[in-house]
Amino acid sequence: MGKNNLLTKRGEKIAVGVSGGADSMALAMLARNWTKKYQIKLITFTVDHGLRLESKFEVNLVKNIMKKNDITHKTLVWKGIKPQSGIQEKARTARYKLLAEACIKNNAKYILLGHHKDDQIETFIMRLTSNSGLDGLSCMSSENYLLTEAGPIKIIRPLLDINKKCLIEFCTEQKIKWINDPSNKNFAYRRTQIRSINDSQINDDFYKTIIVYKKLKKSFNSYVENFIQDSFVYNKNGICQFSREKFIRCPYIIQERFLKKIFFSIGGKTYPPKTKTIKRIIKNICSKKFSNATAGKVFFDIDNKVITVLRQPEPLIKHTPLLNKVTLWDKRFMVEVKFKSPDLSIGPLGEKDYVEMRKLKKVKKSDIHYYAVKTLPTIRSLDEIVCIPHLSYSKSKYWEKNIKVKYLYDKWLHLIET
């Protein structure tokens with residue numbers, strides 16, 4: 021773990037997610053040594069999902085080990101009713117949200133996670149058997165941004181080139197205790213079944229293949245990045261535009277990967293639409309008989325020279341209570357509220373309310389694309405509109421001063437993984 025790799029300055033803080041397994045315990049100790057050397061602050065987080073009776077004991081064990089080694093530690097608890105189905109995926113979503121909130125609250129610049137070489141190989145086999153494409157078979161990145169309900173979080177995985185055996189040996193040599201998760205031996209889970217493949221030659225071949233896919237992905241992403249820099253314009257209203265002519269000149273795979281970024285950033289999709297849907301959009305854009313189109317919660321307003329991309333209007337967009345200091349809305353806007361109120365919510369302006377606000381002369385006719393106006397973030401107290409930042413409307417100076425709304429992708433579009 022080199023200092024230049026993390027680009028962290030003296031006095032800044034990084035976090036480590038510690039589950040209690042040998043991998044994350046080893047990472048916590050390595051991070052402790054590294055942060056001491058470079059005078060960087062360190063904090064560790066453990067998430068208690070509350071799914072097993074042993075979880076509280078395990079969390080306390082981790083806490084005590086961190087304390088013994090002079091490492092700041094905080095326990096994060098997943099509260100509320102637990103889902104009956106899809107528990108692993110929902111627990112993962114909750115875990116990353118808690119980690120992001122903790123990083124923001126504690127001013128941690130990054131979070132380090134203990135994924136290792138064996139995890140990469142298991143992920144590769146799972147995705148290979150699921151017919152994944154280039155992105156899936158590239159597996160986990162050593163660095164990436166993850167967008168959570170608490171905001172974006174930068175994840176660093178410094179152990180991806182190290183196998184678990186080495187990490188266990190490190191913990192043994194350093195006399196560091198660790199926890200063996202019983203679910204790792206539960207053959208009801210697909211990953212556990214894959215883990216039983218213990219052929220070092222096969223695993224080495226898989227890992228070499230992952231490296232090849234990573235290089236391909238990096239090359240294609242650099243082409244997409246060049247297209248974004250050269251032909252893509254976005255604004256704070258959540259509207260994006262790009263050159264139709266330059267898009268048509270791009271190879272198909274670059275067109276496809278660029279549109280995936282659009283679906284993530286404008287449509288707020290966790291996963292892009294099916295390949296056949298993306299092919300349909302590309303064919304339409306490139307056709308002489310092009311027409312406007314919708315897909316993946318995105319509206320494409322296509323003319324001969326420029327393609328304007330907008331969020332597909334309500335009712336697809338949800339209203340969200342503003343219960344926290346920072347809230348991610350529609351995976352496009354971060355909302356900061358400087359006070360607490362159970363009555364506050366954010367949702368799309370909508371056509372009806374836009375017309376009504378204009379009748380009352382509270383807002384002027386906007387030159388923003390009409391579809392985009394209907395999707396603009398609007399703050400309501402109960403049913404009353406109190407703030408529409410992008411139309412420069414606030415009921416009073418109080419609302420203007422205490423509510424801030426920021427469009428995310430002026431910064432994050434370039435960092436989204438495709």
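Count along the sequence shown starting at 1, add 20, and that's the number in the numbering used here. By construction, the Cβ of each residue, glycine as well, lies at the ideal position given by its N, Cα and C atoms.
DSSP places threonine 297 in the helix class (H, G or I) of the three-state scheme. If only uninterrupted alpha helix (DSSP H) runs of at least 4 residues are considered, those enclosed by the stretch 292-341 are 295-306. Under the three-state reduction of DSSP, isoleucine 173 is assigned to strand. Selection Gln194, Lys83, Lys117 and Ala128 evaluated against asparagine 53 yields Gln194 as nearest (Cα-Cα). The residues Tyr413, in chain order, have a CB closer than 7 Å to that of lysine 382 in the same chain once the five nearest residues on each side in sequence are set aside.
In its chain, beyond the 5 residues on either side, Lys110 have a beta carbon closer than 6 Å to the beta carbon of proline 103.
Looking only at Leu157, Ser242 and Phe284, the smallest Cα-Cα distance to lysine 234 is reached by Leu157. Excluding residues up to 5 positions away in sequence, Ala46 lie with their Cβ nearer than 7 Å to the Cβ of phenylalanine 190 in the same chain. Listed in chain order, the non-local C-beta contacts of glutamate 356 below 6 Å within the same chain comprise Val346 and Lys424, local neighbours out to five positions each way being set aside. Rounded to whole angstroms, the Cβ separation of isoleucine 131 and alanine 35 is 4 Å, and the two are in contact under 8 Å.
The continuous alpha helix (DSSP H) containing leucine 81 extends over residues 75-88. Distances from the alpha-carbon of leucine 369 to those of His410, Leu343, Tyr227 and Gln249 put His410 closest. Tyrosine 116 sits in a helix when the DSSP states are folded into three classes.
Under the three-state reduction of DSSP, asparagine 344 is assigned to coil, being neither helix nor strand.
The secondary-structure analysis by DSSP pairs threonine 64 across a beta bridge with Val36 and His93. Under the DSSP assignment, glycine 367 falls in the beta strand (DSSP E) whose first and last residues are 364-368. Within the DSSP secondary-structure output, proline 397 pairs in a beta bridge with Pro368. Boundaries of the alpha helix (DSSP H) around tyrosine 272: 272-285.
Counting along the chain, the unbroken alpha helix (DSSP H) around asparagine 223 starts and ends at 220-251. In the structure shown, methionine 160 falls within a coil segment according to DSSP collapsed to helix, strand and coil. For a cut-off of 8 Å, the C-beta gap from tryptophan 98 to histidine 69 is around 5 Å, short enough to register as a contact. Counted as a single uninterrupted DSSP element, the alpha helix (DSSP H) harbouring glutamine 140 occupies residues 137-149. The beta carbon of leucine 118 is closer than 7 Å to those of Val67, Leu96 and Trp98 in its chain, skipping five residues each way along the sequence.
Proline 292 and serine 105 have their C-alpha atoms some 23 Å from each other.
Around the beta carbon of asparagine 80, fewer than 16 other beta carbons lie within 10 angstroms, which makes this residue exposed. As the crow flies, the alpha-carbon of glycine 288 is around 12 Å from that of alanine 315.
Bounds of the alpha helix (DSSP H) holding lysine 421 are 417-422. Counting of Cβ neighbours within 10 angstroms places proline 397 among the buried residues, the total reaching 16 or more.
Judged by beta-carbon spacing, threonine 290 lies beyond the 9 Å limit of glutamine 332, meaning their Cβ atoms are not closer than that value.
When secondary structure is reduced to three states using DSSP, valine 383 falls in the coil class, being assigned neither helix nor strand. According to the DSSP secondary-structure assignment, glutamate 356 is paired through a beta bridge with Val346 and Lys424.
DSSP lists Val253 and Thr328 as the bridge partner or partners of glutamine 261. Bounds of the beta strand (DSSP E) holding isoleucine 408 are 404-408. In this structure, glutamate 265 keeps its C-beta atom at 9 Å or more from the C-beta atom of isoleucine 298.
Close CB contacts of valine 326 within its chain, under the 8 Å cut and outside five residues either way in sequence, are with Gln261, Phe262, Ser263 and Arg264 (chain order).
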